[in-house]
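S.K.: Below are the structure tokens for one structure; questions will follow.
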Amino acid sequence: VVLCEAEEAPPTCSRPYAGEARFNWKLFWQFLRPHLLVLGAAIVLALGAALVNVQIPLLLGQLVEIVAKYTQDHVGSFLTESRHLSTHLLILYGVQGLLTFGYLVLLSRIGERMAVDMRKALFSNLLRQDIAFFDALKTGQLVSRVTTDVQEFKSSFKLVISQGLRSCTQVAGCLVSLSMLSPRLTLLLMVATPTLMGVGTLMGSALRKLSRQCQEQVARATGVADEALGNVRTVRAFAMEHREEERYGAELEESRCKAEELGRGIALFQGLSNIAFNCMVLGTLFIGGSLVAGQQLTGGDLMSFLVASQTVQRSMANLSILFGQVVRGLSAGARVFEYMTLSPCIPLSGGCRVPQEHLRGAIAFHDVCFSYPCRPGFQVLQDFTLTLPPGKIVALVGQSGGGKTTVASLLERFYDPTAGVVTLDGRDLRTLDPSWLRGHVIGFISQEPVLFGTTIMENIRFGKPGATDEEVYAAAQEANAHEFITSFPEGYDTVVGERGTTLSGGQKQRLAIARALIKQPAVLILDEATSALDSESERVVQEALDRASAGRTVLVIAHRLSTVRGAHHIVVMAHGRVCEVGTHEELLTKGGPYAELIRRQALDAPAPDMPR
Ligand code: ADP
Ligand code: MG
Numbered sequence: 001v002v003l004c005e006a007e008e009a010p011p012t013c014s015r016p017y018a019g020e021a022r023f024n025w026k027l028f029w030q031f032l033r034p035h036l037l038v039l040g041a042a043i044v045l046a047l048g049a050a051l052v053n054v055q056i057p058l059l060l061g062q063l064v065e066i067v068a069k070y071t072q073d074h075v076g077s078f079l080t081e082s083r084h085l086s087t088h089l090l091i092l093y094g095v096q097g098l099l100t101f102g103y104l105v106l107l108s109r110i111g112e113r114m115a116v117d118m119r120k121a122l123f124s125n126l127l128r129q130d131i132a133f134f135d136a137l138k139t140g141q142l143v144s145r146v147t148t149d150v151q152e153f154k155s156s157f158k159l160v161i162s163q164g165l166r167s168c169t170q171v172a173g174c175l176v177s178l179s180m181l182s183p184r185l186t187l188l189l190m191v192a193t194p195t196l197m198g199v200g201t202l203m204g205s206a207l208r209k210l211s212r213q214c215q216e217q218v219a220r221a222t223g224v225a226d227e228a229l230g231n232v233r234t235v236r237a238f239a240m241e242h243r244e245e246e247r248y249g250a251e252l253e254e255s256r257c258k259a260e261e262l263g264r265g266i267a268l269f270q271g272l273s274n275i276a277f278n279c280m281v282l283g284t285l286f287i288g289g290s291l292v293a294g295q296q297l298t299g300g301d302l303m304s305f306l307v308a309s310q311t312v313q314r315s316m317a318n319l320s321i322l323f324g325q326v327v328r329g330l331s332a333g334a335r336v337f338e339y340m341t342l343s344p345c346i347p348l349s350g351g352c353r354v355p356q357e358h359l360r361g362a363i364a365f366h367d368v369c370f371s372y373p374c375r376p377g378f379q380v381l382q383d384f385t386l387t388l389p390p391g392k393i394v395a396l397v398g399q400s401g402g403g404k405t406t407v408a409s410l411l412e413r414f415y416d417p418t419a420g421v422v423t424l425d426g427r428d429l430r431t432l433d434p435s436w437l438r439g440h441v442i443g444f445i446s447q448e449p450v451l452f453g454t455t456i457m458e459n460i461r462f463g464k465p466g467a468t469d470e471e472v473y474a475a476a477q478e479a480n481a482h483e484f485i486t487s488f489p490e491g492y493d494t495v496v497g498e499r500g501t502t503l504s505g506g507q508k509q510r511l512a513i514a515r516a517l518i519k520q521p522a523v524l525i526l527d528e529a530t531s532a533l534d535s536e537s538e539r540v541v542q543e544a545l546d547r548a549s550a551g552r553t554v555l556v557i558a559h560r561l562s563t564v565r566g567a568h569h570i571v572v573m574a575h576g577r578v579c580e581v582g583t584h585e586e587l588l589t590k591g592g593p594y595a596e597l598i599r600r601q602a603l604d605a606p607a608p609d610m611p612r
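Residues in the sequence shown are numbered from 1 upward in steps of one, following my numbering.
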């Protein structure tokens, strides 16, 4: 009768999601492997370009040599003598340009494709994580892993291959030609350059630290603006625009100070490094000049030396910048890969399915204990036992914070109980296919319906991908929504805002109901579905809910007791336990906690059906 893929229930587990991640080279290799051929080609081109760069100073020196000859005696034709060298140089420039074009194109191709693959893999694995994972982490952090961190990793990767390879080859190649030109000058250069580089690197790391602080401050300021703009209704309602302005202004001011400090640091660095580089040129000319005067070096060789040493210095400066980029790239990569390998405790699918015709929809909680993974010390449910007979309406009432929503979450298998079992038709939920359970068996309607930024049609179809238009209309009719939808000029094609702000609370809720009903669920969970609505909307929504409840197993969670009177059973819970079960009349005559709740609510507000 039951279709099974895997009988074994996975073990329950819990773990913290924080912690410093290490870069996962194995995973990186998997993303790189499809591009190895192209990468090889890019590397060959980049090396070629670098080798051409090493050639250029030597040829320039030879050209200068010819020029120098003509400054002394003007015999022969400069043009004919230099033509060969000039064309050679021109060809090299052309080749260098072509090679650069080639490897940059190839690298951007690899980088972009890898970034897409990584984003897809990360996003799909994030969507698979347990709800507990999302309890523990901020959405903003997760989004920035998919966007910023992948971006950062991609640019580091491209930069390391292009600049790193080129700079290393150029440093090595030019050092060889330098030492061939003049070993003595090279020795001097070898002492001076690393010293300057060392100072530069120290300054650079200080600047990097400042830059990181700057970015963090900017992020803080953005956070303030984001919060204020995102919650503008609350800000407006409390007339707090001024305070928010001040808060944002203060953060901006802070970030300006930091950014200016960084600007001064960069300016100082640039100024000093200009002085250093110019001094190096002057020093080389001075010492080289005395070598030329002593006839130990030709003027042309000195020229070659100057250009080549500039190439070395530029490349080394590049390498030191690159080092910082590598560090940042590796940590961004580590953050990206961290959640790619994480596997959830509750898989999305896999397990038994009960065929539609055998499904009765009987739910039972047996001695369930539960505490949220992010608050392990706090028991929300203790020995909680509850039966939902098939086709009956059971109401769950109790004080706010008593654990009612938690019961619904366990039924949806957002979490697994720490002890005890939840069963559907006598089968442990953990042996059932979660995607089938959520997609076909259970319809969940919460207090705060969330709609997506698309058409009404698509929003309802979210409950059953591939549903026909007729099915959507039928579900909307069942949810009392068809009438208001067709009153819109664009009907079912009306695009609702990202948060559905163009609709009233009651309208949003009815769309949410239609979305839940379209999958024809055997079990319906209504978690305070009408409590955020005014009494007029509540009436319309309640009517839809009453109609939808017929013939289904329904769990109604409510704190407004007027809405649960008609339930077959009323279960009162307090402190994570069931304290009373019965019908409305039974519980009233018993005079226990339920009667007490009723009495208190009658004092708080007149019942909605009382004449005013
Ligand atoms: P109710 O729906 O009856 O108002 P809930 O089931 O939402 O109560 O909450 C029960 C208890 O569990 C509360 O003390 C609440 O603070 C806690 N709680 C609810 N959701 C979470 C969560 N995601 N992580 C940690 N604790 C939670
Ligand atoms: Mg609740």
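Heads up, the beta-carbon is just placed ideally off N, CA and C, and yes, glycines get one too.
#1: Assign K158 to buried or exposed, taking buried as 16 or more other Cβ atoms, counted over all protein chains shown, within 10 Å of its Cβ.
#2: Candidates V571, L189, T341 and S290: which alpha carbon is nearest L27's?
#3: Can you tell me the Cα-Cα spacing of L99 and R256, whole angstroms?
#4: Which ranges does the beta strand (DSSP E) cover as unbroken runs of at least 3 residues, wholly within the stretch 365-450, from first to last along the chain?
#5: Going straight from the alpha carbon of R427 to that of A474, what length do you get?
#6: Regarding D527 and the ligand MG, is the C-beta to nearest heavy atom distance less than 8 Å?
#7: Does the ligand MG have a heavy atom nearer than 8 Å to the CB of T405?
#8: Could you tell me the boundaries of the beta strand (DSSP E) in which E580 lies?
#9: According to DSSP, which residues form a beta bridge with H569?
#10: Please report the straight-line C-alpha distance between I598 and E580, rounded to a whole angstrom.
#11: Okay, do the stretch 545-565 and the stretch 397-412 touch, 3+ Cβ pairs below 8 Å being the bar?
#12: Evaluate L348 with the Cβ neighbour count: other Cβ atoms within 10 Å of its Cβ, from every protein chain shown; 16 or more gives buried, anything less gives exposed.
#13: Could you tell me the alpha carbon to alpha carbon distance between A332 and Q313, rounded to whole angstroms?
#14: Under the criterion of a Cβ to heavy atom distance below 8 Å, does V105 qualify as lining the ligand ADP?
#15: State the beta-bridge partners of V554 as determined by DSSP.
#16: Spell out the partners DSSP gives V495 in its beta bridges.
#17: Can you tell me whether DSSP reads A237 as helix, strand or coil?
#18: Tell me the DSSP secondary structure of I363 in three-state form.
#19: Assuming the contact rule is C-beta atoms closer than 8 Å, I393 and S549 should be a hit. Round their C-beta distance to whole Å, please.
#20: Can you tell me where the alpha helix (DSSP H) holding V307 begins and where it ends?
#21: Determine, using beta-carbon pairs with one atom in the stretch 116-124 and one in the stretch 72-80, whether at least three such pairs fall under 8 Å.
#22: Suppose contacts are defined by Cβ-Cβ distances below 9 Å. Is G463 in contact with A514 by that definition?
#23: When every heavy atom of the ligand ADP is checked, does at least one fall within less than 8 Å of the C-beta of Q213?
#24: Would you say F655 touches the ligand ADP, meaning its beta carbon is less than 8 Å from a heavy atom?
#25: Taking only the alpha-carbon atoms, compute the straight-line gap between L51 and S435 and give it to the nearest angstrom.
#26: Measure the C-alpha to C-alpha separation of L32 and E253 and round it to an integer number of angstroms.
#27: In three-state terms, what does DSSP make of R353?
#28: I'd like to know if the stretch 305-323 and the stretch 175-189 are in contact, where contact means that at least 3 CB-CB pairs between them fall below 8 Å.
#29: Just to check, is the beta-carbon of I557 closer than 8 Å to a non-hydrogen atom of the ligand MG?
#30: What three-state label does DSSP hand A467 in the structure shown?
#31: DSSP puts A574 in a beta bridge; with which residues?
#32: Could you check whether the Cβ of F23 sits closer than 9 Å to any Cβ belonging to chain D?
#33: Kindly give me the distance between the Cβ atoms of E622 and G299, rounded to whole angstroms, as I take these residues to be in contact under 8 Å.
#34: Please list, in chain order, all residues of the same chain as A221 whose beta carbon is under 6 Å from its beta carbon, the five residues on each side excluded.
#35: Nearest-angstrom Cα distance between V571 and A408?
#36: Taking only the alpha-carbon atoms, compute the straight-line gap between T147 and F337 and give it to the nearest angstrom.
M.R.: Concretely, from the data shown:
#1: By the 10 Å Cβ count, K158 comes out buried.
#2: The option with the nearest alpha carbon to L27 is T341.
#3: Those two C-alpha atoms are separated by around 42 Å.
#4: 381-388, 393-398, 419-424 and 442-445, all fully within the stretch 365-450.
#5: CA-to-CA, the gap between R427 and A474 works out to about 32 Å.
#6: Flag set: Cβ of D527 near the ligand MG.
#7: It does: the Cβ of T405 is within 8 Å (strictly closer) of some heavy atom of the ligand MG.
#8: Run containing E580: R577 to G582, per the beta strand (DSSP E) assignment.
#9: According to DSSP, which records beta bridges pairwise, H569 is partnered with V394.
#10: Cα-Cα distance, rounded: 14 Å.
#11: Counting Cβ pairs under 8 Å, three or more are found: they touch.
#12: Classification for L348: exposed.
#13: Cα to Cα, the separation comes out at about 29 Å.
#14: No, the Cβ of V105 stays beyond 8 Å of every heavy atom of the ligand ADP.
#15: Looking at the DSSP assignment, V554 forms a beta bridge with I393 and L524.
#16: Note: V495 sits in a beta bridge opposite T455.
#17: It is helical.
#18: Residue state, collapsed to three classes: strand.
#19: That pair is a contact at about 6 Å.
#20: For V307, the enclosing alpha helix (DSSP H) begins and ends at G299 to E338.
#21: In short, these stretches do not touch, since the Cβ pair count stays below three.
#22: Yes, the pair counts as a contact, with Cβ atoms nearer than the cut-off.
#23: The answer is no for Q213.
#24: Shown here, the chain extends from 1 to 612; a query on residue 655 therefore has no answer.
#25: Taken atom to atom, the span from the alpha-carbon of L51 to that of S435 is near 58 Å.
#26: Each residue's Cα considered, the two are about 43 Å apart.
#27: In the structure shown, R353 adopts extended strand secondary structure according to DSSP, grouped into three states.
#28: The answer is yes - the stretch 175-189 touches the stretch 305-323, with three or more Cβ pairs under 8 Å.
#29: At least one heavy atom of the ligand MG is nearer than 8 Å to the Cβ of I557, so yes.
#30: Coil at A467, not helix or strand.
#31: R577, per the DSSP bridge assignment.
#32: Of the chains in the structure shown, none is chain D; there is only one protein chain.
#33: Since the displayed the chain opens at 1 and closes at 612, residue 622 lies outside it and no answer follows.
#34: Only E251, L252 and S255 meet the Cβ criterion.
#35: In this structure, the alpha-carbon of V571 lies about 14 Å from that of A408.
#36: One Cα belongs to T147, the other to F337, and the distance between them is close to 13 Å.
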